[in-house]
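Numbering (this note's numbering), first residue to last: 1004 to 1162. The beta carbon of each residue, even a glycine, is placed where N, CA and C say it ideally should be. Heads up, the thing below is written out as structure tokens.
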């Protein structure tokens, strides 16, 4: 019934709302300022197109990132730390970046009240541009992240 999909600029989101007609499609974007201060990578044009087709767009802080990321120099990506979010993210990346994204965006959607934690969803993520990983999972809120259950692996790239 529900598809959660990560989309940075909106291309993947546009494809998802076309492919999954009849489903609730929740699109999770990068936070504002993720790449550059005061900017949003998900274009206004793509936002309007996705919403016109019934997609729900969520822009929120990354579930596995947090205030500890602010300790890194502004000019460099944050280094891995001992923060639990980083440890969880690095562990999930052993299955591929897309797997980390799938679990993270599902938790973000749960936190926003856009998906239920007692119903399975399909979560779709990727590595860079596009989508390469999809799972069926029972999502959890960020504060109960380790209660998330991956029920089925639909696809992932070979590492």
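Residue i versus residue j - alpha carbon distance
{"i": "residue 1102", "j": "residue 1129", "result": "8 Å"}
{"i": "residue 1122", "j": "residue 1029", "result": "14 Å"}
{"i": "residue 1005", "j": "residue 1054", "result": "16 Å"}
{"i": "residue 1060", "j": "residue 1031", "result": "6 Å"}
{"i": "residue 1161", "j": "residue 1043", "result": "31 Å"}
{"i": "residue 1009", "j": "residue 1111", "result": "11 Å"}
{"i": "residue 1105", "j": "residue 1048", "result": "25 Å"}
{"i": "residue 1092", "j": "residue 1136", "result": "15 Å"}
{"i": "residue 1142", "j": "residue 1070", "result": "23 Å"}
{"i": "residue 1155", "j": "residue 1145", "result": "20 Å"}
Cβ-Cβ separation, residue j to residue i (assumed contact under 8 Å), whole Å
{"i": "residue 1065", "j": "residue 1034", "result": "7 Å"}
{"i": "residue 1015", "j": "residue 1109", "result": "Residue 1015 to residue 1109, Cβ: 15 Å. No contact."}
{"i": "residue 1045", "j": "residue 1013", "result": "5 Å"}
Local conformation of residue i per DSSP, three classes
{"i": "residue 1118", "result": "coil"}
{"i": "residue 1054", "result": "helix"}
{"i": "residue 1156", "result": "strand"}
{"i": "residue 1162", "result": "coil"}
{"i": "residue 1141", "result": "strand"}
Residue from the options with nearest C-alpha to residue i
{"i": "residue 1007", "options": "1107, 1152, 1149, 1049", "result": "1107"}
{"i": "residue 1026", "options": "1124, 1116, 1063", "result": "1124"}
{"i": "residue 1011", "options": "1157, 1062, 1116, 1144", "result": "1062"}
{"i": "residue 1126", "options": "1050, 1114, 1157, 1099", "result": "1157"}
{"i": "residue 1073", "options": "1037, 1131, 1134", "result": "1037"}
{"i": "residue 1152", "options": "1145, 1159, 1140", "result": "1140"}
{"i": "residue 1147", "options": "1056, 1039, 1013, 1087", "result": "1087"}
{"i": "residue 1021", "options": "1118, 1067, 1052", "result": "1052"}
{"i": "residue 1149", "options": "1159, 1095, 1099", "result": "1095"}
Endpoints, beta strand (DSSP E) assigned at residue i
{"i": "residue 1012", "result": "Counting along the chain, residue 1012 falls outside any beta strand (DSSP E), and DSSP gives it neither H nor E."}
{"i": "residue 1032", "result": "1027-1032"}
Extent of the continuous alpha helix (DSSP H) to which residue i belongs
{"i": "residue 1128", "result": "Unbroken run through residue 1128 is the beta strand (DSSP E), 1124-1128; no alpha helix (DSSP H)."}
{"i": "residue 1066", "result": "Residue 1066 -> no alpha helix (DSSP H), and no H or E assigned at all."}
{"i": "residue 1091", "result": "1087-1095"}
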